[in-house]
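Trainee: Just dropping this structure here.
In structure tokens, the structure reads:
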């Protein structure tokens, strides 16, 4: 049959060309089905095993931005947009920069990168860089997709314990088998559910066979996790500021104040108020719960450009909380 002949022909290729073909076929399928409509940033590896030949059935609706780590410093002179003004602005706010963070910031802010592909040992470097770049950019997307590509057992397990895997919902891990280089396991992070159940943990979505160009199950590789958060806690930084936020502490209250020890019933709290009800309504729709953290939220505070800060706004800047309330709009320092 033609399929048999095609597979036979493939196996006659030199190993490096065969592996390149497998990578290319897998990427083309994912690109065509998931990444055509928004700009994609690819952090290209130097490893020749990851050589990719694009064979697009139809052209993407948005740009593909190529980033190569080995010549980042020299690449800025070729950019259409000059980063110098943005660099000066950030440095004046005591922000620590490096060429990779600068390039990602520029790609997000000016080219509106929403999809990101990183390979092998570049993955941990990329994660650290994109966390900062996405904050430094004045344009941000709520629809980011992250593809991390690697050979099985080449990455340390501790990488997947990074807070990034708890905070981002659209992560696709593409793990190539060691025993059969045509087979790719496609994994994602759990994200949903109570934080005590480890939302960072990975699970298998599907398996792609590059020889047959087929998926084992045909599952959605970017399942919509945000519509049903399955009890995941949204962490609120706030203080009692009536009528916007009302805190009532008593044993057995429905929410928790994370400023208290887990077994301390003094941290049981009932949340109410005109602002808090907005968050409560959101959680009713998306099946989440609200925890508050008052450990540092004794005032509105301030957030700095270098992602530090004080009080409630500082907690959000450092990632200790996700939402800030208590009539923040009255705090002129950050709203005027």
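In my numbering, the protein residues as written are -1 to 334. Ideal placement from N, C-alpha and C gives every residue a C-beta, glycine not left out.
Considering only C-alpha positions, which residue in the set 297, 98, 317 is nearest to residue 329?
Mentor: The sequence position of residue 329 within the chain shown is 331, counting from 1. Out of 297, 98, 317, 297 has the C-alpha closest to the C-alpha of residue 329.
Trainee: Compute the beta-carbon to beta-carbon distance between residue 106 and residue 135, rounded to the nearest angstrom, for a pair I have assumed lies under 8 Å.
Mentor: As a first step, residue 106 is located in the chain shown; it is residue number 108 there, counting from the start. As a first step, residue 135 is located in the chain shown; it is residue number 137 there, counting from the start. Contact flag correct, Cβ pair sits at about 4 Å.
Trainee: Check whether the Cβ atoms of residue 104 and residue 95 sit closer than 8 Å, and answer yes or no.
Mentor: Sequence index remark: in the chain shown, residue 104 carries index 106 (1-based). Sequence index remark: in the chain shown, residue 95 carries index 97 (1-based). Cβ distance not < 8 Å, so residue 104 and residue 95 don't count as in contact.
Trainee: So, residue 127 versus residue 99, is the Cβ gap smaller than 8 Å?
Mentor: By one-based count along the chain shown, residue 127 stands at place 129. By one-based count along the chain shown, residue 99 stands at place 101. Yes.
Trainee: For residue 36 versus residue 71, is the C-beta spacing smaller than 8 Å?
Mentor: The residue labelled residue 36 in the question sits at position 38 within the chain shown. The residue labelled residue 71 in the question sits at position 73 within the chain shown. Not a contact, by the Cβ cut-off of 8 Å.
Trainee: When the cut-off is 8 Å and only beta carbons count, does residue 320 lie next to chain B?
Mentor: The structure shown contains no chain B; it holds only a single protein chain.
Trainee: Among all the DSSP beta bridges, which residues are the ones paired with residue 117?
Mentor: Indexing the chain shown from 1 puts residue 117 at position 119. Bridge partners of residue 117: 147.
Trainee: Could you give the first and the last residue of the continuous alpha helix (DSSP H) run that contains residue 279?
Mentor: Taking the chain shown and counting its residues from 1, the one referred to as residue 279 is at position 281. Residue 279 -> alpha helix (DSSP H) spans 274 to 284.
Trainee: Taking the straight line between their C-alpha atoms, what separation do you get for residue 263 and residue 194?
Mentor: As a position in the chain shown, residue 263 is number 265, starting the count at 1. As a position in the chain shown, residue 194 is number 196, starting the count at 1. Cα-Cα distance, rounded: 18 Å.
Trainee: Which whole-angstrom value is the C-beta distance of residue 237 and residue 292, which I expect to be below 8 Å?
Mentor: For the purposes of this step, residue 237 is taken as the residue at position 239 of the chain shown. For the purposes of this step, residue 292 is taken as the residue at position 294 of the chain shown. Correct: roughly 6 Å between the Cβ atoms.
Trainee: Does the beta-carbon of residue 79 have 16 or more other beta-carbons within 10 angstroms, so that it is buried, or is it exposed?
Mentor: By 1-based counting over the chain shown, the position of residue 79 is 81. Result: exposed.
Trainee: Can residue 241 and residue 272 be called in contact, C-beta distance under 8 Å?
Mentor: Looking up residue 241 in the chain shown gives position 243. Looking up residue 272 in the chain shown gives position 274. In contact: residue 241 and residue 272 (Cβ atoms closer than 8 Å).
Trainee: Please return the same chain residues whose Cβ sits closer than 7 Å to the Cβ of residue 159, not counting the five positions on each side in sequence.
Mentor: Working through the chain shown from its first residue, we reach residue 159 at position 161. The residues are 198.
Trainee: Measuring alpha carbon to alpha carbon, tell me which of 97, 204, 85 ends up nearest residue 217.
Mentor: For the purposes of this step, residue 217 is taken as residue 219 along the chain shown, with counting starting at 1. Of the listed residues, the one whose Cα sits closest to residue 217 is 204.
Trainee: Buried or exposed: residue 255, going by 16 or more other Cβ atoms within 10 Å of its Cβ?
Mentor: Within the chain shown, residue 255 is the residue found at index 257, counting from 1. Buried, because 16 or more other Cβ atoms sit within 10 Å of the Cβ of residue 255.
Trainee: Any idea what DSSP makes of residue 210, helix, strand or coil?
Mentor: What you label residue 210 is simply residue 212 of the chain shown in a count that begins at 1. Three-state DSSP puts residue 210 in coil, outside helix and strand.
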